[in-house]
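Working notes for the structure below.
In UniProt numbering, the protein residues as written are 1 to 69.
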């Protein structure tokens, strides 16, 4: 499965895979939002096997970011 990276003017970037799922990271690599809030995504900053879990409310706002692993 391929991945594209979109870089944004504020220093953030979005990783998007072929199936359309995406995660947007802040400049410090913390997660800003995820298109799949119940899915963990590998953290691309050398944290090893740790993943993060993003929880969003009904409006799509991130309510919790948790490290897993």
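C-beta: ideal position from N, C-alpha, C; glycine also. These figures come from a predicted structure and were not determined experimentally.
Under the three-state reduction of DSSP output, residue 29 falls in the coil class, being neither helix nor strand. In this chain, the beta strand (DSSP E) harbouring residue 15 covers 13-17.
It is roughly 10 Å from the alpha-carbon of residue 22 to the alpha-carbon of residue 6. Residue pairing for residue 7: DSSP places it in a beta bridge opposite 13. In this structure, DSSP gives residue 36 a state outside helix and strand, which the three-state scheme calls coil.
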